[in-house]
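Colleague:
Residue numbers (our numbering): 176 to 456.
1) Go ahead and label residue 341 buried or exposed: buried means 16 or more other beta carbons lie within 10 angstroms of its beta carbon, across all protein chains shown.
2) In chain order, which continuous runs of the alpha helix (DSSP H) of length 4 or greater are located wholly inside the stretch 401-438?
3) How would you write the range of the beta strand (DSSP E) that residue 455 sits in, first residue to last?
4) Considering only DSSP beta bridges, list what residue 199 is partnered with.
5) Going by DSSP, name the residue or residues bridged to residue 255.
6) Do residue 271 and residue 233 have their CB atoms nearer than 8 Å?
7) Assuming residue 373 and residue 229 form a contact by the criterion Cβ under 8 Å, report the distance between their Cβ atoms to the nearest whole angstrom.
8) Within the stretch 287-368, note down every full beta strand (DSSP E) run reaching 3 residues or more, in order along the chain.
9) Nearest-angstrom Cα distance between residue 322 and residue 294?
10) Excluding five sequence neighbours on each side, which residues of the same chain lie with their C-beta closer than 7 Å to the C-beta of residue 442?
11) Buried or exposed for residue 209, please, with buried defined as at least 16 other CB atoms from any protein chain shown within 10 angstroms of its CB.
And the structure:
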């Protein structure tokens, strides 16, 4: 196998014997001049068909979290009755890293739909519960039990759609609203969001979850989130932007009103995508 580009000390973009590009992980394989040949015993894990926008985000992920998820990815794939995206490892690692960071900062986010997730996706919920226990042993951090449901939904949303799946009318409405919100953000901040960035991918995932909650009328309840008391004072422009987004959603979709907690959570993601996934227009 030939390494052609270094991502970090332990991750490289490689070409296999059939000429296919892949991502390889192994201790120290990123050292030295590129390109170079790698012995198979140097490679611990390989990932094919990884979305290129995740490559730039690997350096932002704690390597111990990435390794933790990578070690368990094949087991997770074997537990669910459907095919999972090649990006599963990076999606889950990002979610878990963010969850660990929230706990360390004393920020607690409850997931009121946890019981629904447990009943609707029992296999995925068991995966989430198991990972929460293993995270406690591995990182000595006790994640809230609701994280089992959040991890479960990350697995569900990593499912690869069947080829015959077609876009529904609601999916079209969601896409139009998604674009409307991007336009509001870009106009408010005078920027252009980088749709190829990992920050944008993370933001997009949150917005699509938000749409699902709106359609199912299962929004986060007020007063569920703690730790953001000073957020509005720190980021008034973020709150102003989200208020416009909330008004647009309410005017466009009947009975679709964002709770205060939904607005808070959306502000967090808007601030992040504007700071890490945008450039001045």
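Even for Gly, the Cβ is constructed at its ideal location relative to N, Cα and C.
Modeller: In short:
1) On the chain shown, residue 341 is found 166 positions in, with the first residue counted as 1. Note that residue 341 scores 43 on pLDDT, short of 50, meaning its location in the model is unreliable and no value can be drawn from it.
2) 406-409 and 411-427
3) What you label residue 455 is simply residue 280 of the chain shown in a count that begins at 1. Where residue 455 is concerned, the enclosing beta strand (DSSP E) stretches over 453-455.
4) Taking the first residue of the chain shown as 1, we reach residue 199 at position 24. Paired residues: 187 and 221.
5) What you label residue 255 is simply residue 80 of the chain shown in a count that begins at 1. The partner list for residue 255 (beta bridge, DSSP) is empty, contrary to what the question assumes.
6) Indexing the chain shown from 1 puts residue 271 at position 96. Indexing the chain shown from 1 puts residue 233 at position 58. No, they are not a contact pair.
7) Translated into positions along the chain shown, residue 373 becomes position 198. Translated into positions along the chain shown, residue 229 becomes position 54. That belief holds up - the Cβ atoms of residue 373 and residue 229 are roughly 6 Å apart, short of 8 Å.
8) 366-368
9) Taking the chain shown and counting its residues from 1, the one referred to as residue 322 is at position 147. Taking the chain shown and counting its residues from 1, the one referred to as residue 294 is at position 119. Taking the straight line joining both Cα atoms gives about 15 Å.
10) Mapped onto the chain shown, residue 442 falls at position 267. 406, 410, 413, 414 and 417.
11) By one-based count along the chain shown, residue 209 stands at place 34. The residue is exposed, with fewer than 16 neighbouring Cβ atoms inside 10 Å.
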